[in-house]
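Listed in order, the protein sequences are those of chains A and B.
Those letters in the first sequence? Residues 1 to 155, by the UniProt record's numbering.
Those letters in the second sequence? Residues 1 to 155, by the UniProt record's numbering.
The beta carbon of each residue, even a glycine, is placed where N, CA and C say it ideally should be.
In what follows, a single structure is set out as structure tokens and then discussed.
2 protein chains.
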Amino acid sequence: MGTEIERKFLLSGDGWRAAADEGTDIRQFYLAIREGLTVRARIKGEAKALLTIKSGVGMTRGEYEYEIPLADARELEAVRVGSLIAKRRFRVPLGALVVEVDCFSGDLAPLVLAEIELPAEDHAVDLPDWLGEEVTEDGRYTNAALAMAGRPPPR
Amino acid sequence: MGTEIERKFLLSGDGWRAAADEGTDIRQFYLAIREGLTVRARIKGEAKALLTIKSGVGMTRGEYEYEIPLADARELEAVRVGSLIAKRRFRVPLGALVVEVDCFSGDLAPLVLAEIELPAEDHAVDLPDWLGEEVTEDGRYTNAALAMAGRPPPR
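Structure, rendered in structure tokens:
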């Protein structure tokens, strides 16, 4: 298994854009969502497709990821639960770490979320001022919840 | 996608055993079960693991199958829905086709089911006399239903 340790934030400004890469378009949807388990298909940049199983909740989750044929992912979209999620993901260096900034489109716009993957739960991070409120433990901001329930009311 | 066209039968005798291979032990469980979609992990002979997504119901279903690391499958067992299914699968030649005879163990014993994969729904088959009642359209005999609800009452 991979273990994914991730903190998630709302954004409080555009300061991240200067250091961001050009971004990658992501389309993703869920085949299954239940307490403690999601099965997700993701198409990255119309070129690569991944099937990802995540177990657990909160900051640390189990993650199992497998590349699958793009044609399979396109077909599986028809049997998804919830809405299709479309977003553009930008990578922003933060010391030795990387912040991924997801700019959602479609019904979820103008939601923007930032994720920092950490080597350990207690790994210290100097948070840049363009990161806003932390929502790591707020279940409404998981992509699975966004696919099922849409965008939470703006803060 | 693969499309799987399959007829399923109860057994009415042991006549299949003479032509059967030595069999393979299969352990399988479900990560997700809902109307029209299942996500299954299967360990074959303690050597190979597969993640399989099936869409649709009845005789013809979409099937997407990916080999995954054995260690992943063993870990994912902890986040399954329903019971673990253990069975020994025997392959029995039937002309150009193959009948797979599944002898279930554990709570599902002594259930035995036979499946014939067909090239087309209307493909004619001379059914051997050891095949009993056809249960292709009886949802209680899908492995997903067996994992959730157990063995139907004997006929």
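Asked                                                                                                                                                        : Found
How would you call B:Asp138, buried or exposed, if buried means at least 16 neighbouring beta carbons within 10 angstroms?                                   : exposed
Which of the three DSSP states is assigned to A:Val57 in this structure?                                                                                     : coil
Can you check whether the C-beta of B:Tyr141 is within less than 7 Å of a C-beta belonging to chain A?                                                       : no
Which of the three DSSP states is assigned to B:Val79 in this structure?                                                                                     : helix
Whose Cβ in chain B lies nearer than 7 Å to the Cβ of A:Ile26?                                                                                               : Under the 7 Å cutoff, chain B gives no residues; its nearest Cβ is about 20 Å from A:Ile26.
At least one CB of chain B closer than 7 Å to the CB of A:Val79: is that the case?                                                                           : yes
Does DSSP put A:Asp107 in a helix, in a strand, or in coil?                                                                                                  : helix
Alpha carbon to alpha carbon, how far is A:Tyr66 from A:Leu76?                                                                                               : 15 Å
CB-CB under 6 Å to B:Leu73, same chain, minus the five flanking residues each way: which ones, in chain order?                                               : Note that residue 73 of chain B is Ala in the sequence shown here, rather than Leu. Excluding residues within five positions, the ones whose Cβ falls inside 6 Å are Ala41, Ile43, Ala49.
Taking the continuous alpha helix (DSSP H) assigned at B:Leu146, which residues delimit it?                                                                  : 143-149
Just to make sure I have the definition right: I need the residues of chain A whose C-beta is within less than 7 Å of the C-beta of B:Val39. Which are they? : Leu31, Ala32, Val39
Quick check on A:Ser55 - is its C-beta less than 7 Å from some C-beta in chain B?                                                                            : yes
Buried or exposed: where does A:Thr142 fall if 16 or more other Cβ atoms within 10 Å of its Cβ makes it buried?                                              : buried
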